[in-house]
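Numbering (our numbering), first residue to last: 53 to 209.
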């Protein structure tokens, strides 16, 4: 049964997002695929982050995150957010401080800055529920999703 569960998980489709956060002078960004809208009024989004991720600590301390929607053509940007050194991730791309202080990538389809209203750890990831406090929408291209991405995150890291 375990193998069937893993195969099913590998075939579920999700968007591929860049999540950014800041606590004091420390910024970070990570790839996030376990993301979902959970409410329209108020606008709430859920992100699942493993506790061993550096962004988890920053999110917990700051209470804010920004979710960036990338276009299919921007798949190469993802490689920037796999490295271990936070500041290097932002060195070669355009970004600015958002309303919450989170880094906002200026070249993306859209971005939502969220204030964490709730968090829970029902399994091996923490679910952060965030209310949108600021949003920008730049253009309507086809968003990047797991069907466009090599590899599959099953939540083991």
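Glycine included, C-beta positions come from ideal geometry on N, C-alpha and C. Values in this document were obtained by computation on a predicted structure and should not be read as measured data.
Residue i burial status per 10 Å Cβ neighbour count (16 or more: buried)
i, result
"residue 80", "buried"
"residue 107", "buried"
"residue 59", "exposed"
Through-space distance from residue j to residue i, alpha-carbon basis
i, j, result
"residue 192", "residue 143", "26 Å"
"residue 84", "residue 76", "22 Å"
"residue 195", "residue 67", "7 Å"
"residue 166", "residue 114", "11 Å"
"residue 109", "residue 54", "30 Å"
N-terminal and C-terminal residue of the alpha helix (DSSP H) that residue i is part of
i, result
"residue 57", "54 to 62"
Contact under 9 Å by Cβ, residue i with residue j
i, j, result
"residue 177", "residue 87", "no"
"residue 74", "residue 197", "no"
"residue 188", "residue 156", "yes"
"residue 182", "residue 169", "yes"
"residue 119", "residue 64", "no"
Range covered by the beta strand (DSSP E) that runs through residue i
i, result
"residue 112", "Element bounds for residue 112: not the beta strand (DSSP E) but the alpha helix (DSSP H), 106 to 114."
"residue 139", "It is not in any beta strand (DSSP E) - residue 139 instead sits in the alpha helix (DSSP H) that spans 138 to 142."
"residue 178", "178 to 189"
"residue 76", "No beta strand (DSSP E) contains residue 76, which DSSP labels as neither H nor E."
Does the region 113 to 127 come close enough to the region 153 to 161 that 3 or more CB-CB pairs lie under 8 Å? yes
Mind the definition here: the region 86 to 98 touches the region 126 to 142 only if three or more C-beta pairs lie below 8 Å; say whether that holds. no
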